[in-house]
Every structure is written in structure tokens, then in C-alpha cells.
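Engineer:
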Amino acid sequence: MQLTPQAIQDLNLIAAWLALDEMPVEGDIDADMAILAGHAVLPNIEGAVALAKRFGLPLLLSGGIGHATGALAQAMALHPLYRDIDTRGNSEAQMLAAIARVFGGIDEDQLLLEGESRHSGENAAFSQRLLDAQHLRPQRVVLIQDPLLQRRADATFRWQWRHRDDAPLFINWPVFTPVVTLDGGMARVTGAPPQGLWSLERFVQLLMGEVERLRNDEKGYGPRGAVFFGEVEMPDAVDAAWHRLMRLPAVQARLAARR
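Numbering-wise (full-length UniProt numbering), the sequence shown opens with residue 1 and increments by one.
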């Protein structure tokens with residue numbers, strides 16, 4: 001996929017906005033739980049597991065059979081640490097738990113599995129339901145999702161808890177911020193070890209779609225559209241970058257292939 005320097009700059013601007021990061025740069029974190037929503041970006045998943053291991057945080061793994069399930073199973077099958085794990089018929093939560101055991105040596109009693117959710121809205125709703133069933137009331141939760149979905153996860157989880165007096169403070173952590181760079185004249189996604197990252201084509205499709213979903217209009221997921229969350233304020237620079245990218249034939253071709 002050929003991209004101009006301006007297109008790469010625009011992709012990186014949008015990616016930096018989507019990958020909402022509220023984690024302190026260094027030192028201890030003030031949190032009593034982490035929630036990892038299911039996706040297929042292995043370096044992000046490993047970062048979440050390492051964080052839970054380091055700080056002894058209970059780790060809630062949320063994901064049933066959804067859009068990312070097949071991609072996660074495929075990424076694990078191609079990874080030297082995880083390729084022997086049988087993922088057939090497993091929920092995303094079960095696959096994430098297997099990674100937590102193999103990569104981080106996480107104890108079973110540190111894991112909470114929510115294996116029914118099919119999309120981001122259910123990630124939030126069913127995570128809340130599980131915490132209620134377990135009589136758990138975390139006050140500060142590290143929220144972790146695919147970096148490109150992090151801002152939407154924040155909006156969705158806060159919306160789910162909007163009427164609760166015991167709503168936790170969600171601390172967003174995308175683990176890393178993806179950056180598109182030129183390598184030998186070819187664009188590729190960097191920011192973390194390459195094993196288990198998006199292909200460039202998948203990255204562009206997902207990034208462009210996320211802006212559409214976050215935009216507060218009749219096609220989006222906000223108050224003027226599907227009402228899956230409250231209004232997300234989108235910077236003018238992000239909106240302008242998205243429209244520039246939409247005019248590129250290479251981007252149009254990738255989005256057409258998605259449909």
C-alpha cells in the first residue's frame with residue numbers, strides 16, 4: 001500500500017488521538033483493577049498482562065465471540081509462544097487468559113473472565129454485570145483496549161457507568177501508540193514488536209472506521225446516531241486529516257474492500 005508523506009502524517013495524527021493514554025510515565029500506578037477488552041493486537045495484550053503481574057492487579061478479561069475472535073486466534077497461531085494453544089471454539093476471554101498464563105504466569109485467582117460480549121457496548125455492560133455479581137467495587141480501573149479503539153472504549157465504559165454512584169475512575173492505557181513509518185520506501189506500522197501487530201491495510205481500515213464511529217452524527221455511535229456513548233469531542237485537526245485521507249484512491253480501495 002503506497003502512502004504519501006502527508007498521508008502518513010495524517011494517519012499518525014489520528015492514531016495518536018485514538019490511542020488515549022492517561023497512564024503515568026513512570027512509577028507506581030494508583031489502581032485496584034485492570035480490564036482488558038478483547039482484540040487481536042498481541043503486544044497490547046502482553047503489556048496488559050505484564051502490568052497486572054507487576055502490580056498484582058486483578059485482571060478482568062472481556063470478550064466472547066465477536067469481530068476480533070478469528071483475528072486473535074490467527075495471531076496466536078502464528079506466534080511462537082502461543083501457537084500450541086488450542087483456540088477452537090474459545091471465547092476471546094479464554095484466549096486472553098491462556099496468553100496471561102503462558103506469557104505472564106498469572107495465577108487463576110487473579111483472573112476474571114467475561115466471555116459473552118460480542119462488541120464494545122457489551123464489553124462494558126457485561127463487565128459491569130460480572131463485577132456486580134462478584135460484589136466487586138473497584139475505584140480506579142486501568143482500561144486497556146486495541147490502541148485504535150481505546151478512545152471509544154473510554155466513552156463506552158464511562159457511558160455504561162454514567163448513572164452509578166459507585167462508578168470507578170477509568171485510567172486509559174493503550175500500552176503503546178502506533179506510528180506509521182517508511183522503511184525502505186514502504187510504509188509499515190511500528191511502535192511495538194511486529195509480531196501480532198496490524199497489517200497496514202487493516203490498520204488503515206480500522207483507523208478510518210473509528211473516526212466515523214466517534215463522530216457525533218447520524219452515522220456515528222454518539223448521541224445523534226446509535227447512542228452507544230455520550231458525545232466525544234473530535235479535534236478539527238483530526239477531522240481534517242480524516243477527510244484528506246478519504247480523498248486518496250489507496251484509502252478508498254481499502255475501505256471498499258472492507259464492505
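All C-beta atoms in this analysis are idealised placements derived from N, C-alpha and C, irrespective of residue type, glycine included.
Any contact between the stretch 160-179 and the stretch 62-70? By contact I mean 3 or more CB pairs, one from each, below 8 Å.
Structural biologist: no
Engineer: Would you please state the rounded distance, in angstroms, between the beta carbons of P194 and N44? I believe it to be under 8 Å.
Structural biologist: Here the question's residue 194 lines up with position 194 in the sequence shown. Here the question's residue 44 lines up with position 44 in the sequence shown. Not quite, the Cβ-Cβ distance comes to about 13 Å (not below 8 Å), so this is no contact.
Engineer: Measuring only the C-alpha atoms, how far is L111 from L214?
Structural biologist: The count along the sequence shown starts at 1 and reaches residue 111 at position 111. The count along the sequence shown starts at 1 and reaches residue 214 at position 214. Each residue's alpha carbon lies about 31 Å from the other.
Engineer: Any chance the stretch 102-120 sits against the stretch 195-210, with 3 or more Cβ pairs inside 8 Å?
Structural biologist: Judged by Cβ distances under 8 Å, the stretch 102-120 makes no contact with the stretch 195-210, as fewer than three pairs qualify.
Engineer: Counting beta carbon pairs with one atom in the stretch 75-89 and one in the stretch 16-32, are three or more of them shorter than 8 Å?
Structural biologist: No: fewer than three Cβ pairs fall under 8 Å.
Engineer: Spell out a yes or no on whether the stretch 29-36 and the stretch 135-146 are touching, meaning 3 or more CB-CB pairs, one atom from each, closer than 8 Å.
Structural biologist: yes
Engineer: Would you mind reading off the limits of the beta strand (DSSP E) that contains residue 273?
Structural biologist: This structure cannot settle anything about residue 273, because the visible part of the chain is limited to 1 through 259.
Engineer: Taking 9 Å as the threshold (C-beta atoms), are A250 and A7 in contact?
Structural biologist: Counting from one through the sequence shown, the residue named residue 7 turns up at place 7. Counting from one through the sequence shown, the residue named residue 250 turns up at place 250. Yes, these two residues count as a Cβ contact at 9 Å.
Engineer: Return the chain-ordered ranges of every alpha helix (DSSP H) run that is complete within the UniProt domain "DUF218" (37-174) and spans a minimum of 4 residues.
Structural biologist: 42-55, 69-77, 92-104, 120-133, 150-160
Engineer: What is the DSSP secondary structure of A187, counted as helix, strand or coil?
Structural biologist: Residue numbering aside, residue 187 sits at position 187 when the sequence shown is read from its first letter. Here A187 sits in strand by DSSP.
Engineer: In the DSSP output, what is L182 paired with across the bridge?
Structural biologist: Numbered from 1 along the sequence shown, position 182 holds the residue referred to as residue 182. Note: L182 sits in a beta bridge opposite A187.
Engineer: Considering Cα atoms alone, identify which of Q134, L255, L51 is closest to R202.
Structural biologist: Locating residue 202 in the sequence shown gives position 202, where the first residue counts as 1. Here the closest residue by C-alpha is L255.
Engineer: Within a Cβ cutoff of 8 Å, which residues of the same chain sit near H119, ignoring the five residues on either side of it in sequence?
Structural biologist: On the sequence shown, residue 119 is found 119 positions in, with the first residue counted as 1. Cβ within range, chain order: G66, H67.
Engineer: Is the CB-CB distance between residue 304 and Q128 below 9 Å?
Structural biologist: Because the chain here runs from 1 to 259, residue 304 falls outside it and cannot be looked at.
Engineer: Can you name, in chain order, every residue of its own chain whose Cβ lies under 6 Å from the Cβ of D146, other than the five neighbours on each side?
Structural biologist: Working through the sequence shown from its first residue, we reach residue 146 at position 146. Only H39, V41 meet the Cβ criterion.
Engineer: Give me the Cα-Cα distance between G56 and T190, rounded to the nearest whole angstrom.
Structural biologist: For the purposes of this step, residue 56 is identified with residue 56 of the sequence shown, where counting begins at 1. For the purposes of this step, residue 190 is identified with residue 190 of the sequence shown, where counting begins at 1. For G56 and T190, the gap between their C-alpha atoms comes out near 29 Å.
Engineer: Could you pull out every residue in the same chain whose Cβ sits closer than 7 Å to the Cβ of G121, ignoring the five residues on either side in sequence?
Structural biologist: Walking along the sequence shown from the start, residue 121 turns up at place 121. So the qualifying residues of the chain are T156, F228.
Engineer: For M33, which residues does DSSP report across the bridge?
Structural biologist: By one-based count along the sequence shown, residue 33 stands at place 33. In DSSP, M33 forms a bridge with V141.
Engineer: Alpha carbon to alpha carbon, how far is P223 from G184? Give it in angstroms, no decimals.
Structural biologist: Residue mapping note: residue 184 aligns to position 184 of the sequence shown, counting from 1. Residue mapping note: residue 223 aligns to position 223 of the sequence shown, counting from 1. Their backbone Cα atoms lie some 44 Å apart in a straight line.
Engineer: Given this structure, state the Cα-to-Cα distance separating F126 from N90, to the nearest angstrom.
Structural biologist: For this step, residue 126 is matched to residue 126 along the sequence shown. For this step, residue 90 is matched to residue 90 along the sequence shown. Taking the straight line joining both Cα atoms gives about 18 Å.
Engineer: Based on Cα-Cα distance, which residue from R244, D28, G63, M1 lies nearest to A153?
Structural biologist: As a working mapping, residue 153 is identified with position 153 in the sequence shown. Comparing Cα positions, the closest option is G63.
Engineer: Mind checking L81: buried by the 16 CB within 10 Å criterion, or exposed?
Structural biologist: Reading the sequence shown from its first residue, position 81 is the one you call residue 81. Counting Cβ neighbours within 10 Å, L81 comes out exposed, since fewer than 16 surround it.
Engineer: Under 8 Å by Cβ, that's how I've got A187 and M1 pegged, so tell me the actual separation to the nearest angstrom.
Structural biologist: Residue mapping note: residue 187 aligns to position 187 of the sequence shown, counting from 1. Residue mapping note: residue 1 aligns to position 1 of the sequence shown, counting from 1. With a Cβ gap of about 7 Å, A187 and M1 count as contacting.
Engineer: With the cut-off set at 9 Å, would you say I14 and I171 are in Cβ contact?
Structural biologist: For the purposes of this step, residue 14 is taken as the residue at position 14 of the sequence shown. For the purposes of this step, residue 171 is taken as the residue at position 171 of the sequence shown. Inclusion of I14 and I171 in the CB contact set at 9 Å is not warranted, their separation being larger than that value.
Engineer: Consult DSSP for V238 and reduce its assignment to one of helix, strand or coil.
Structural biologist: Within the sequence shown, numbered from 1, the residue matching residue 238 stands at position 238. Note: V238 maps to helix in three-state DSSP.
Engineer: With burial defined as no fewer than 16 other Cβ atoms inside 10 Å of the residue's Cβ, what is the status of E92: buried or exposed?
Structural biologist: To locate residue 92, count along the sequence shown from 1; it is residue 92. Buried, since its Cβ has 16 or more Cβ neighbours within 10 Å.
Engineer: Residues in the same chain with beta-carbon distance under 8 Å from V102, minus the five sequence neighbours each way, listed in chain order, please.
Structural biologist: In the sequence shown, residue 102 corresponds to position 102, counting from 1. L81, Y82, I85, listed in sequence order.
Engineer: Does the separation of the CB atoms of R244 and D10 fall below 9 Å?
Structural biologist: What you label residue 244 is simply residue 244 of the sequence shown in a count that begins at 1. What you label residue 10 is simply residue 10 of the sequence shown in a count that begins at 1. Yes. Within cutoff.
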